[in-house]
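Working notes, structure below.
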Amino acid sequence: VQPRSIAILGGTGRQGRGLAQRLASAGYRIVVGSRNPTQAAESVRAWRVSDRVSVATYVDAVARADRVILALPFDAIAATLERLRGTFTRGLVIDVSVPVVFEAGQAALARVPEGSAAEHVRARLPPEVAVAAAFKTIPAHVLDEVDRPLDCDEFVCGDSGDARAAAVELVEAIAGLRAIDVGPLSRARSIEHLTLLAIGINRRHKSQDARFRIVGL
Ligand SMILES: NC(=O)c1ccc[n+]([C@@H]2O[C@H](COP(=O)([O-])OP(=O)(O)OC[C@H]3O[C@@H](n4cnc5c(N)ncnc54)[C@H](OP(=O)(O)O)[C@@H]3O)[C@@H](O)[C@H]2O)c1
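Written as structure tokens, this is what we have:
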């Protein structure tokens with residue numbers, strides 16, 4: 070049986086395109102979901118693994134996959150999931166978003182009533198769809214340098230053991246990434262704060278590469 074595809078909504082954006090190419094290199098079939106599939110197909114043609122990547126509208130990408138990565142700006146999520154209402158009926162959604170805002174030149178997290186971006190996603194999907202969070206702390210440009218070996222950990226949380234296991238499988242399919250299961254979806258609050266911390270570390274140390282590795286496990 071051929072495994073179903075992984076859809077990546079916003080898959081040609083900064084975070085999405087590194088993920089798409091690295092997961093395609095790991096052997097997965099990827100459907101990039103785009104608001105403008107013609108333009109997205111143009112971007113994908115330049116990718117080395119483009120034969121394992123197809124492009125579709127968001128609706129068609131979701132219909133063709135049982136795992137959907139949301140690589141969208143946080144403030145586009147509510148409207149996008151509202152437009153896609155009825156399209157998600159099963160499977161797993163993995164949120165990578167971080168609600169970072171810049172206020173007077175300082176990065177901060179937007180106040181999210183649900184507690185985190187991942188819980189904001191959870192609140193907008195039917196209960197039959199599992200939700201996990203991953204790929205929130207790795208910088209886009211590090212992922213996007215597809216020949217650069219990775220060397221860090223990615224935190225995974227989710228609303229069930231099965232959701233976390235499926236997200237862990239995707240993280241660990243990418244060479245050099247180790248998944249750290251941190252438990253329930255509400256832990257996304259801490260993960261999103263770590264991304265904010267990395268942004269602050271980068272600014273202070275004039276880097277763009279800060280990322281995380283847990284010792285002691
Ligand atoms: N950049 C990083 O280092 C990084 C690290 C960790 C997590 N993240 C998270 O990853 C998510 C995506 O970030 P990114 O840096 O990849 O953003 P990006 O480059 O702007 O890409 C996001 C993609 O989302 C789609 N999209 C859908 N609705 C949109 C809207 N209203 N406005 C703009 N784009 C829209 C676009 O694809 P189509 O036009 O093809 O539909 C776009 O290419 C964010 O939530 C961010 O917090 C980013």
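Converting from the sequence shown to my numbering requires adding 69 to each position, the first position being numbered 1.
Every residue gets a Cβ at the ideal spot worked out from N, C-alpha and C, and that includes glycine.
Distance between Leu-178 and His-292 (C-alpha atoms, nearest Å): The structure shown does not extend to residue 292, since the chain is modelled only from 70 to 286, so the question has no answer here.
Looking at ligand 1, does it come within less than 6 Å of Ala-203, judged from the CB to the closest heavy atom? The beta carbon of Ala-203 sits no closer than 6 Å to any heavy atom of ligand 1.
Please name the residue in Gly-245, Glu-241, Asp-129, Ala-192 whose C-alpha comes closest to that of Ala-76. Asp-129
Roughly how many angstroms separate the alpha carbons of Val-70 and Ser-255, rounded to a whole number? Here the model assigns Val-70 a pLDDT of 45, short of 50, so the residue's position is not dependable, and the following value carries that caveat. Roughly 35 Å separates the two Cα atoms.
Quick one: what's got a C-beta closer than 7 Å to Ala-209's C-beta in the same chain, skipping five residues either side? Arg-83, Gln-84, Gly-87
Minimum C-alpha distance to Lys-205 - residue among Asp-216, Leu-194, Cys-221: Of the candidates Asp-216, Leu-194, Cys-221, the one whose C-alpha sits nearest the C-alpha of Lys-205 is Cys-221.
Any 3 or more C-beta pairs closer than 8 Å across the region 235-248 and the region 272-281: The region 235-248 vs the region 272-281: no contact.
For Leu-212, the three-state DSSP class (helix, strand or coil): helix
State buried or exposed for Leu-286, treating a residue as buried only when at least 16 other CB atoms are found within 10 Å of its CB. exposed
What does the alpha-carbon distance come out to for the pair Gln-175 and Asp-144? 18 Å
Sort Asp-278, Leu-266, Ile-283 by Cα distance to Val-251 and report the nearest one. Ile-283
Considering only residues of the same chain and omitting the five flanking positions on each side of Ala-109, which have a CB-CB separation below 6 Å? Only Thr-81, Val-101, Ser-103, Val-124 meet the Cβ criterion.
Between Ala-279 and the rest of its own chain, which residues show a CB-CB distance below 6 Å, the 5 nearest in sequence each way excluded? Ala-267, Ile-270, Asn-271
Beta strand (DSSP E) segment containing Arg-136, residue limits: 134-139
Length at least 3, wholly inside the region 89-144: the beta strand (DSSP E) runs in chain order: 99-102, 122-125, 134-139
Could you tell me the alpha carbon to alpha carbon distance between Thr-158 and Glu-214, rounded to whole angstroms? CA-CA distance, Thr-158 to Glu-214, rounds to 34 Å.
Hey, out of Leu-239, Cys-226, Ala-234, whose CA is closest to Ile-288's CA? This structure cannot speak to residue 288, because the chain is shown only from 70 to 286.
Own chain partners of Val-170 with C-beta closer than 8 Å, once the 5 adjacent residues on each side are dropped: Ala-176, Ala-177, Leu-178, Ala-179
Tell me which residues share the same chain as Arg-98 and place their Cβ nearer than 6 Å to its Cβ, disregarding the 5 neighbours each side in the sequence. Ser-74, Arg-121
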